[in-house]
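Structure, as structure tokens:
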Amino acid sequence: MKEYSKGIYVKFKPEEVEILHNRMKEAGVQNMSAYIRKMALNGYVIIPEWPDLNQVISLHSRISNNLNQYARKANETGY
Numbered sequence: 001m002k003e004y005s006k007g008i009y010v011k012f013k014p015e016e017v018e019i020l021h022n023r024m025k026e027a028g029v030q031n032m033s034a035y036i037r038k039m040a041l042n043g044y045v046i047i048p049e050w051p052d053l054n055q056v057i058s059l060h061s062r063i064s065n066n067l068n069q070y071a072r073k074a075n076e077t078g079y
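In UniProt numbering, the protein residues as written are 1 to 79.
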């Protein structure tokens, strides 16, 4: 893990914190320190777009379920 030796303390207004939380949510980031550090140093956060990812995950889950059913049946019948 990286060690940071200098701390910079910044205060935000409540509405600014809400904006930060919204932008972090849009970017899929949960660590506020990492988000602010990335924005301060680079000026942007890359948001990967995988529109079909949920569908792929769903299909993978269904295939795994079917495979488990086949394996269970094979074990029950002695194959």
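Virtual Cβ for every residue (Gly too), placed ideally from N, Cα, C.
- Met24 and Thr77 have their C-alpha atoms roughly 52 Å apart.
- With three or more CB-CB distances shorter than 8 Å, the segment 26–34 counts as touching the segment 43–52.
- In the structure shown, Gln30 falls within a coil segment according to DSSP collapsed to helix, strand and coil.
- In the structure shown, Val17 falls within a helical segment according to DSSP collapsed to helix, strand and coil.
- Excluding the 5 residues flanking it on each side, Val10 has same chain C-beta neighbours closer than 8 Å at Ile36, in chain order.
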